[in-house]
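Engineer:
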Amino acid sequence: MPITHKTITMPAKPNGAEARAHSNIALAKYWGKASVANNIPAVPSISVTLQAMTTTTSVRFDASIERDTLWLNGTLADDRATRRVSGLLDRVRAVSQATSFAFVRSDNDFPTASGLASSASAFAALAMAAVRAAGLPMDHAMISDLARRSSASAARSIFGGFVRLPAGNKDTALLPACQLCGSDHWDLRVVVCVVSDKSKAVASTDGMMHTAQTSPYYGAWLDLCAALSPRIERSILERDLPGLGEAAEQSALAMHACALSSAPGLLYFEPASIGCLHAVRSLRRNGLEAYATMDAGPHVKVLTSASNANEVETQMQQVPGVIRTIVSKIGGDANVEDLP
Ligand code: DP6
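Just so we're aligned, residue 2 is where the sequence shown starts under the numbering used here, counting upward by one.
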């Protein structure tokens with residue numbers, strides 16, 4: 002039987018790329034959309050990029066496959082996750098010469114079973130890799146806008162350091178995040194306290210829409226965000242940790258208060274979350290710099306200085322229900338390289 006060799010021709014330009022993006026934690030929280038169809042935030046948000054939590058994603062357009070294929074942390078992803086990835090790839094295919102389906106592989110360097118997996122680093126890395134693999138210009142504002150359409154917090158993970166994503170309105174067409182200052186501006190630490198291995202009950206997208214539709218306090222939340230955002234931005238520029246920490250804590254607690262006041266109320270706290278919040282206040286009473294924030298899940302992230310980080314981590318590990326801690330420095334920009 003004759004042996005046939007398939008001729009493999011090199012593409013004119015690389016059709017594969019691999020990107021890395023860090024997760025981020027919002028100090029001024031995004032919770033609410035001005036446009037659901039275009040995924041436009043109703044409030045400005047400001048985040049810090051987390052060096053210790055990275056997603057690595059490769060994208061390879063391949064004319065021989067018949068659908069987009071996604072491998073997530075070594076496992077073939079379900080249809081729902083693959084459809085979200087295809088949504089971003091479709092936007093890239095619409096404006097580039099990459100028309101074929103793609104193989105996508107995405108891995109996190111942090112424990113994913115713990116509910117820490119964030120769409121922020123995932124869609125930021127996917128956007129970087131897809132744009133590069135499709136041969137489009139590496140315009141970071143455009144890539145941030147592309148990532149924002151899949152998950153607004155992902156727009157911020159394109160950049161390192163401290164990052165701002167403005168609010169928009171229902172007519173906003175283009176809305177990228179922008180860097181306020183780089184990772185070398187301020188040597189802060191974030192102590193991530195993991196308190197549960199269960200995945201979260203209500204995803205952010207659903208949670209914020211439910212809040213907007215049913216909370217009597219949603220209007221007050223929008224007003225508070227407009228006031229807190231410039232305060233948080235100024236504290237970052239002035240390296241004022243108490244000013245930043247107090248405002249960031251207020252943003253997180255107000256977001257949860259608003260979510261709690263929806264009908265039925267959204268309860269993201271576990272008992273250990275409350276324990277962590279009390280512990281952070283007690284650390285402050287004892288003279289340490291420690292300020293808490295939480296996203297749409299039970300884990301508590303503690304903002305602290307480089308000099309206090311070890312002590313804060315040791316103390317937070319003592320809180321009943323804390324399963325593990327991760328200490329992160331401030332991370333840099335997302336990056337990408339061509340695959341051979
Ligand atoms: C509580 O970016 O996940 O983490 O745009 O609907 O995908 P979608 O929402 P997402 O929401 C993040 C909400 C948050 C606060 C924040 O990161 O600003």
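A virtual CB, placed ideally from N, CA and C, is assigned to each residue, including glycine.
1) Quick check on the burial criterion: 16 or more other C-beta atoms within 10 angstroms. Buried or exposed for V96?
2) If you draw a straight line from the alpha carbon of R106 to that of L71, how long is it in whole angstroms?
3) Cβ of T37 within 8 Å of Cβ of M143?
4) What is the rounded straight-line gap between the Cα of P321 and the Cα of S101?
5) Within a Cβ cutoff of 6 Å, which residues of the same chain sit near T55, ignoring the five residues on either side of it in sequence?
6) Would you identify the three-state DSSP class for M256, choosing helix, strand or coil?
7) Among P272, E234, A310 and V337, which has the Cα closest to the Cα of P45?
8) Got a sec, what are the start and stop residues for the beta strand (DSSP E) E19 sits in?
9) Could you name each continuous beta strand (DSSP E) segment of 3 residues or more that falls completely within the region 43–119, going from the start of the chain to the end?
10) Should Y31 be listed as close to ligand 1, given that the test is whether its C-beta is under 7 Å from any heavy atom?
11) Would you report the Cα separation of C277 and L268, rounded to the nearest angstrom?
12) With a threshold of 6 Å on Cβ separation, who are the neighbours of R150 within its own chain once the five nearest residues in sequence on each side are excluded?
13) Taking E290 as part of the alpha helix (DSSP H), name the residues at either end of that continuous run.
14) Just how far apart, CA to CA, sit M256 and A310?
15) Decide if I66 is buried, meaning its Cβ has at least 16 other Cβ atoms within 10 Å, or exposed.
16) Classify N336 as buried or exposed, calling it buried when 16 or more other Cβ atoms lie within 10 Å of its own Cβ.
Structural biologist: With the structure as the only source:
1) Here the question's residue 96 lines up with position 95 in the sequence shown. When all chains shown are included, V96 counts as exposed.
2) Residue numbering aside, residue 106 sits at position 105 when the sequence shown is read from its first letter. Residue numbering aside, residue 71 sits at position 70 when the sequence shown is read from its first letter. If I take the Cα positions, the gap works out to 6 Å.
3) One-based indexing of the sequence shown puts residue 37 at position 36. One-based indexing of the sequence shown puts residue 143 at position 142. The question names Thr, but residue 37 in the sequence shown is Val. Contact: no.
4) Taking the sequence shown and counting its residues from 1, the one referred to as residue 321 is at position 320. Taking the sequence shown and counting its residues from 1, the one referred to as residue 101 is at position 100. CA-CA distance, P321 to S101, rounds to 51 Å.
5) The count along the sequence shown starts at 1 and reaches residue 55 at position 54. Scanning its chain for C-beta atoms nearer than 6 Å, with the 5 sequence neighbours on each side dropped, one finds around T55 the residues R21, H23 and D110, in chain order.
6) Stepping through the sequence shown from its first residue, residue 256 is reached at position 255. DSSP, reduced to helix, strand and coil, places M256 within a helical segment of the structure shown.
7) Within the sequence shown, numbered from 1, the residue matching residue 45 stands at position 44. Closest by alpha carbon: E234.
8) Counting from 1 along the sequence shown, the entry for residue 19 is found at position 18. The continuous beta strand (DSSP E) containing E19 extends over residues G17 to A29.
9) Segments of the beta strand (DSSP E) lying fully in the region 43–119: 46–62, 70–73 and 103–109.
10) For the purposes of this step, residue 31 is taken as the residue at position 30 of the sequence shown. Correct: Y31 has its Cβ closer than 7 Å to ligand 1.
11) The residue you call residue 277 lines up with position 276 of the sequence shown. The residue you call residue 268 lines up with position 267 of the sequence shown. Spanning the two alpha carbons is a distance of roughly 16 Å.
12) Residue 150 sits at position 149 when you count from the first residue of the sequence shown. These residues qualify, in order along the chain: N40.
13) Here residue 290 is taken as the residue at index 289 of the sequence shown, counted from 1. Here E290 belongs to no alpha helix (DSSP H), and DSSP marks it neither H nor E.
14) Here the question's residue 256 lines up with position 255 in the sequence shown. Here the question's residue 310 lines up with position 309 in the sequence shown. Between M256 and A310, the alpha-carbon positions lie close to 26 Å from each other.
15) Counted from its first residue, the sequence shown places residue 66 at position 65. Exposed: under 16 other Cβ atoms inside 10 Å.
16) In the sequence shown, the residue the question calls residue 336 occupies position 335. Counting the other Cβ atoms within 10 Å of the Cβ of N336 gives fewer than 16, which makes it exposed.
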